[in-house]
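In order, the protein sequences belong to chains A and B. In this text, residue positions in the first sequence follow the working numbering: the first is 18, and each later residue adds one. In this text, residue positions in the second sequence follow the working numbering: the first is 18, and each later residue adds one.
2 protein chains.
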Amino acid sequence: MDYRTWRHAFKLDPAKDISDEALEQLAESGTDGMIIGGTDNITLEGVLDLLARLRRYAVPLALEVSDVDAVTFGFDYYFIPTVLNSTDVKWMNGIHLDALKEFGHMMKWEEVATEGYCIMNPECKAAQLTGATEVPTKEDVVGYARMAEHLFKLPIFYLEYSGTYGDPKLVSAAASVLDETRLVYGGGIRTAAQAAEMASIAHTVVIGNVIYDDLKKALETVDAVKAVTSPK
Amino acid sequence: MDYRTWRHAFKLDPAKDISDEALEQLAESGTDGMIIGGTDNITLEGVLDLLARLRRYAVPLALEVSDVDAVTFGFDYYFIPTVLNSTDVKWMNGIHLDALKEFGHMMKWEEVATEGYCIMNPECKAAQLTGATEVPTKEDVVGYARMAEHLFKLPIFYLEYSGTYGDPKLVSAAASVLDETRLVYGGGIRTAAQAAEMASIAHTVVIGNVIYDDLKKALETVDAVKAVTSPK
């Protein structure tokens with residue numbers, strides 16, 4: 018299933034432990050895709066472990082690349098974040114250049130999608146790492162959304178609230194200026210109701226931490242999202 | 018004439034003086050387009066002056082935006098540089114965000130083209146300004162070209178040698194990895210032979226400084242480029 022049609026995705030952190038039973042429930046939940054990605058302590062071993070344990074299921078798998086040393090063949094998609102509100106070129110295109118110099122000649126570009134990240138929670142690890150430490154205003158978010166769609170023609174604009182639940186008005190503002198680029202919402206969804214609310218605004222809703230805290234709640238988000246009509 | 022078919026363009030610096038006679042000769046030379054752009058002392062008055070004096074001719078006009086305060090309606094195209102080898106996010110997407118916040122709601126996006134710049138001459142003003150002070154290697158250039166085409170899907174990859182004549186082998190290396198993105202070459206072309214050489218490798222050749230130093234030589238580059246078959 019093409020990531021451009023995903024409504025719901027689970028994001029698994031290769032640095033965290035998870036049981037085979039939980040993985041099976043997630044993979045067979047009806048979710049549209051599973052994203053493997055995290056910020057800290059991402060190792061090739063961790064990525065390969067999840068890949069091996071998930072590949073038996075039919076669900077599409079995407080690797081969100083945060084560390085070039087933890088990249089492996091075998092995924093359906095490779096999501097490449099570029100942090101639009103980083104203060105350091107390293108996170109905008111620096112590590113990307115290193116990766117392109119090493120792997121550029123062997124990439125299957127149809128499997129690659131660049132994600133224009135806008136990090137909304139300055140307290141989160143990703144914000145601290147990339148220097149995205151100012152809270153973007155609504156005007157900033159709309160500007161970054163237009164940048165993603167029109168200047169860089171990115172397939173994905175990713176509003177990352179990481180651990181906090183976002184402001185639906187602000188997410189709507191981003192949605193209102195996107196036509197071609199997909200709006201992905203991630204962060205702080207802990208209930209079916211929250212998942213449904215964001216699914217009514219964003220094209221794709223990503224469920225992360227609650228997987229590790231309350232698997233049942235996490236699984237309930239699948240049907241909640243599927244019950245909502247996708248925005249245009 | 019669509020900029021995606023330009024083989025030859027003149028670049029005029031709004032901070033430099035030029036006579037009406039010279040402008041007429043350039044505009045009616047058979048060039049495919051005129052780009053208004055520079056690094057230092059770009060003012061709205063300077064831009065409007067060139068616009069007013071050139072708009073009577075049929076040649077397409079593009080404004081290469083370096084300063085948001087010097088942007089005006091009336092051009093056919095707005096080229097937006099993003100400096101891929103800058104060390105400061107300001108030149109990658111920072112001033113872009115400011116511009117999008119101010120003008121994003123009124124842009125005609127079909128007139129806008131983002132140029133992925135790779136600045137090859139660390140001594141030039143643009144390099145000093147943007148912190149692009151390391152000389153990119155061949156591997157860097159190939160990496161940036163792939164970044165422009167695949168990660169950011171930019172319509173233009175611009176190798177800017179600014180005042181120095183480039184290495185055809187290195188320009189060829191960039192060309193060899195581009196399929197959708199146009200390769201634009203600029204810098205140091207002072208003769209018809211040099212223009213022809215770069216036109217055999219790059220899609221578009223930009224002629225700048227020699228306009229102000231030796232107009233006759235500048236005009237000779239038009240036929241020289243047109244005599245060369247465009248690379249794929």
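Glycine included, every Cβ here is placed at the ideal spot set by N, Cα and C. As the structure is a computational prediction, the values presented were derived from the model and not from experiment.
- For A/Met137, no CB of chain B lies under 9 Å from its own CB, so it is not counted at the interface with that chain.
- Setting aside the 5 residues that flank it on each side, A/Arg21 is surrounded in the same chain by Pro172, Arg199, each with a C-beta closer than 8 Å to its C-beta; the list follows chain order.
- Within the region 130–162 of chain A, contact with chain B at the beta-carbon level (separation under 8 Å) is assigned to Thr131, Glu156, Asp157, Val159, Gly160, Tyr161.
- Residues of the region 161–184 of chain A with a C-beta atom less than 8 Å from some C-beta of chain B are Tyr161, Arg163, Met164, His167, Leu168, Phe169, Lys170, Leu171, listed in chain order.
- About 19 Å separates the CB atoms of A/Glu128 and A/Asp86; that is not less than 8 Å, and the two are not in contact.
- Proximity of chain B to A/Ser103 at the Cβ level (cut-off 8 Å) is accounted for by Val106, in chain order.
- Selection A/Tyr74, A/His113, A/Thr104, A/Val76 evaluated against A/Val88 yields A/His113 as nearest (Cα-Cα).
- At a cut-off of 9 Å between C-beta atoms, A/Thr89 does not count as an interface residue with respect to chain B.
- Per DSSP, reduced to three states, the secondary structure at A/Arg199 is strand.
- Sequence-distant partners of B/Asp115 (beyond 5 residues in either direction) whose C-beta falls short of 7 Å from its own C-beta, in its chain, are Val85.
- Bounds of the beta strand (DSSP E) holding B/Lys28 are 25–29.
- Each of A/Ser189, A/Val245, A/Asn226, A/Asp184 was checked against the Cα of A/Ala213, and the nearest Cα belongs to A/Val245.
- The three-state reading of DSSP puts B/Phe92 in coil, since its state is none of H, G, I, E or B.
- By the rule that beta-carbons nearer than 9 Å mark a contact, B/Met123 does not touch chain A.
- Distances from the CA of B/Trp23 to each of B/Met51, B/Tyr161, B/Ile97, B/Ala39 were compared; the closest alpha carbon is that of B/Met51.
- Annotation: the continuous alpha helix (DSSP H) that includes B/Ala44 extends over 37–44.
- Following the DSSP letters along the chain, one finds A/Met51 inside the beta strand (DSSP E) bounded by residues 50–53.
- Contact between the region 180–192 of chain A and the region 133–149 of chain B is not established, with fewer than three Cβ pairs separated by less than 8 Å.
- Nearest in C-alpha terms to B/Lys33, of all of B/His167, B/Gly225, B/Asp240, is B/Gly225.
- For A/Val245, there is no enclosing beta strand (DSSP E), as DSSP gives it neither H nor E.
- A/Ala219 sits in coil when the DSSP states are folded into three classes, being neither helix nor strand.
- Its Cα nearest to that of A/Asn58, the residue A/Ser83 stands out among A/Gly47, A/Ala192, A/Ser83.
- DSSP places A/Leu78 in the uninterrupted beta strand (DSSP E) bounded by 78–81.
- Of the candidates A/Asp19, A/Ser46, A/Pro31, A/Ser46 places its Cα closest to the Cα of A/Val239.
- Classified as buried, B/Gln211 has 16 or more neighbouring CB atoms from the shown chains inside 10 Å of its CB.
- Residues of chain A whose Cβ lies closer than 9 Å to the Cβ of B/Lys186 do not exist, since the nearest Cβ in that chain is about 18 Å away.
- Looking from the CA of A/Ala75, the closest CA among A/Val64, A/Glu41, A/Ser217 belongs to A/Glu41.
- B/His122 and B/Tyr95 have their alpha carbons spaced roughly 15 Å apart.
- For A/Thr131, the enclosing beta strand (DSSP E) covers residues 129–136.
- Scanning its chain for C-beta atoms nearer than 8 Å, with the 5 sequence neighbours on each side dropped, one finds around B/Met164 the residues Leu101, Gly133, in chain order.
- Listed along the chain, the chain A residues whose CB falls inside 7 Å of the CB of B/Leu117 are Gly160, Arg163, Met164.
- Under the three-state reduction of DSSP output, A/Tyr20 falls in the helix class.
- Close to B/Ile97, with beta-carbon spacing below 7 Å, are these residues of chain A in chain order: Leu168.
- Under the Cβ distance rule, B/His25 does not count among the residues neighbouring chain A, no pair being separated by less than 9 Å.
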